[in-house]
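A short worksheet on the structure shown next.
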Amino acid sequence: MRKKVKIKNLKLKIKKGQTVRVLSGKDAGKTGKVIRVWPKKLLALVEGVNQYVKHVKKRGKEQPGGMVTLDRPLATSKLQVI
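For the sequence shown, the numbering used here gives the first residue as 1, with consecutive numbering after it.
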């Protein structure tokens, strides 16, 4: 059985509402506003960065099917506060 590894209390410099720049990855150089932060997982959700397309099935007459673009969280180590 694996032991759970505790992450030390790291003080994140990234807060909700700040403007950040992506340092590495496919979206390197892009900027955006931080929507949400997960300090325990060291992740942040940035508006308009790290997007993916999700295919949604049709559900009745009111909700049509199609493709929806969603944002995925990024590791805070890849972000720089502007």
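Each residue gets a CB set at the ideal place from its N, CA and C atoms; glycine is no exception.
Here G32 is buried, its C-beta having at least 16 other C-beta atoms within 10 Å.
Collapsing the DSSP output to three states places K54 in a strand. Collapsing the DSSP output to three states places K33 in a strand.
In the DSSP assignment, Q80 falls within the beta strand (DSSP E) that extends over L79 to V81.
In the DSSP assignment, R21 is bridged to T31 and Q80. In the DSSP assignment, L45 falls within the beta strand (DSSP E) that extends over L43 to V46.
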